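Here the sequence shown is numbered in my numbering, starting from 710 and rising by one per residue.
Yeah, the Cβ is synthetic: ideal placement off N, Cα and C, and Gly gets one too.
Everything numeric in this text was worked out from a predicted model, so none of it was measured.
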Amino acid sequence: MQSSIRESVRNMAGYMPGEQLNTPDIVKLNTNENPYPASPRVLEAIRAALTGDRLRKYPEPTGQTFRRAAGRVLGIDPECILIGNGSDDILTILTRTFVPEGGLLVSPTPSYILYKTLADIQGARFQTVPFTPEWTLPTPWPVSDAHLTFLANPNSPTGTALGEVAVTRLAQEIRGPLVLDEAYGDFAEWNGLGLIGKVPNLIVTRSFSKYYSLAGIRFGFGIADPATVRELIKVKDSYNCNVLTLAAATAAMEDQSYYADVRAKIMATRGRMTATLTELGFEITPSQANFVWCRRTDRPVYPLYEALKQRGILVRYMNYAGFGDGLRISVGTDPEIDRLFTALRAIL
Ligand SMILES: *Cc1c(COP(=O)(O)O)cnc(C)c1O
710 MQSSIRESVR NMAGYMPGEQ LNTPDIVKLN TNENPYPASP RVLEAIRAAL
760 TGDRLRKYPE PTGQTFRRAA GRVLGIDPEC ILIGNGSDDI LTILTRTFVP
810 EGGLLVSPTP SYILYKTLAD IQGARFQTVP FTPEWTLPTP WPVSDAHLTF
860 LANPNSPTGT ALGEVAVTRL AQEIRGPLVL DEAYGDFAEW NGLGLIGKVP
910 NLIVTRSFSK YYSLAGIRFG FGIADPATVR ELIKVKDSYN CNVLTLAAAT
960 AAMEDQSYYA DVRAKIMATR GRMTATLTEL GFEITPSQAN FVWCRRTDRP
1010 VYPLYEALKQ RGILVRYMNY AGFGDGLRIS VGTDPEIDRL FTALRAIL
């Protein structure tokens, strides 16, 4: 059997998701979930979807109800929206649509490591372009012939974000589509939605796993011009989002005021984290997301990751060739972050 497996699959390492320890008293700050619950309306919508015979029947293939709701809330044409089983599903659909076998996928580094996995599965080449020391893009951008370019904005693990001028310039410098991965876009000062229709090769992706507190439900969506979305729909699984997911996502999208309050709490806690972690000797890049990237020059950080884990606090250790390592710490609730501070003070 092994010899029948495509060489590109046999040779790849496979994406390594963050640890999902589900011990009840663990403080989980490693995969950027929202520490607050989803809107109560989400649970109501899921309960309502469980009644009658909605589970017996197939869901809406393109998620028309969600598309109309999101179109209304975001002020965009529903035909511009592509639904996905998490935004990772959207990234997969984009790769399958645009990148031929042997093709080229490009992303800045350090960034989201799934992009390389997507290239590997596709049998495509993956090339990275280092961020500048100020976490901006080099100009001119050195690779213009990519079949697809991924830009996480805000970026993970750094939390840094580029603005309209830099994003527009990059889109103009490349031949293929630019995918603006806005998994954290709802937390940022600026996002690229307003450029859809103006910058012809731009595609934006959004996740419900972070801002909308629904990592377990698996939902994300893409935004592109309607003609492109029609092509992408051909590539996706016919029923890639289930009835419960679509009900939950629609209810969450329609409860913007609830999430604006959650966002304000997260921003306030992120401010406390930035101040206290700096005081404790970490170098923090200014974050526009729901996590902070913490580095140290005076001591290795891997032992800190281990010592925190021993105390029941899980953060993400990341190491990037050419950039060194660091801890990516998600913004938790205030009591969780107080536990983090107490543990760090004891360890350091
Ligand atoms: C979390 C994350 C995603 C994936 O989100 P899902 O909707 O859970 O699939 C995509 N891109 C980046 C940069 C992320 O951090």
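Every unbroken alpha helix (DSSP H) inside the region 820-907 [4 residues or more]
DSSP runs (the alpha helix (DSSP H)) wholly in the region 820-907: 823-831, 873-882.
Nearer than 8 Å: is that true of the beta carbon of Ala924 relative to any heavy atom of ligand 2?
Judged by which ligands are present, ligand 2 is missing from the structure shown, whose ligands are ligand 1.
Check the DSSP bridge columns for Gly1034 and list the partner residues they point to.
One detail in the question is off: residue 1034 reads as Asp in this sequence, not Gly. Paired residues: Asn1028.
Proximal residues to Arg763 (C-beta, below 6 Å), its chain only, five neighbours per side dropped
The residues are Val952.
Length of the line joining the Cα atoms of Ser916 and Thr740:
Their Cα atoms are separated by approximately 13 Å.
By how many angstroms is the C-alpha of Glu992 removed from the C-alpha of Thr1042?
Thr1042 and Glu992: Cα-Cα distance of roughly 22 Å.
Touch test, the region 889-903 against the region 762-779, Cβ-Cβ under 8 Å, three pairs minimum
No, they do not touch.
Is there at least one non-hydrogen atom of ligand 1 closer than 8 Å to the beta-carbon of Ile929?
According to the sequence displayed, residue 929 carries Gly and not Ile. Within the cutoff, so yes.
Any heavy atom of ligand 1 nearer than 5 Å to the CB - residues listed:
For ligand 1, residues qualifying as neighbours are Gly795, Ser796, Asp797, Tyr821, Ala861, Ser865, Asp890, Ala892, Ser916, Ser918, Gly929, where qualification means a beta carbon closer than 5 Å to at least one of its heavy atoms (chain order).
Give a yes or no on whether 9 Å exceeds the smallest Cβ distance from Ser853 to chain D.
This model lacks chain D altogether, as it is built from one protein chain only.
What is the DSSP secondary structure of Cys789, reduced to helix, strand or coil?
In the three-state DSSP reduction, Cys789 falls in the helix class (H, G or I).
Cβ of Thr877 within 9 Å of Cβ of Val908?
Their beta carbons are under 9 Å apart, which means Thr877 touches Val908 by this criterion.
Across the region 822-834 and the region 804-811, are there enough close Cβ pairs to call them in contact, namely three or more that are closer than 8 Å?
Under the 8 Å Cβ criterion, the region 822-834 counts as touching the region 804-811, having at least three qualifying pairs.
Tell me, to the nearest whole angstrom, how far the beta carbon of Ser820 is from that of Ala861; I am working on the premise that it is less than 8 Å.
With 8 Å as the limit, Ser820 and Ala861 qualify as a contact, their Cβ atoms being about 5 Å apart.
Given this structure, state the Cα-to-Cα distance separating Val718 from Asp829, to the nearest angstrom.
For the pair Val718 and Asp829, the Cα-to-Cα distance works out to about 7 Å.
Runs of 4 residues minimum, wholly inside the region 985-1022: which ones carry the alpha helix (DSSP H) assignment?
Counting only runs of at least 4 residues, the region 985-1022 fully encloses the following alpha helix (DSSP H) elements, listed from N- to C-terminal order: 1011-1019.
Host beta strand (DSSP E) of Thr914 (start-end):
First-last of the beta strand (DSSP E) with Thr914: 911-916.
Using the beta-carbon count (16 or more within 10 Å), is Glu843 buried or exposed?
An exposed status is given to Glu843, since fewer than 16 other beta-carbon atoms sit within 10 Å of its beta-carbon.
Kindly give me the distance between the Cβ atoms of Leu923 and Ala961, rounded to whole angstroms, as I take these residues to be in contact under 8 Å.
Taking the Cβ atoms as the reference, Leu923 lies roughly 6 Å from Ala961, within the contact range of under 8 Å.
Which value, in whole angstroms, describes the spacing of the CA atoms of Glu1045 and Val736?
Straight through space, the alpha carbons of Val736 and Glu1045 are spaced by roughly 6 Å.
So Lys737 is in the beta strand (DSSP E); what residue range does that whole segment cover?
Counting along the chain, the beta strand (DSSP E) containing Lys737 begins and ends at 736-738.
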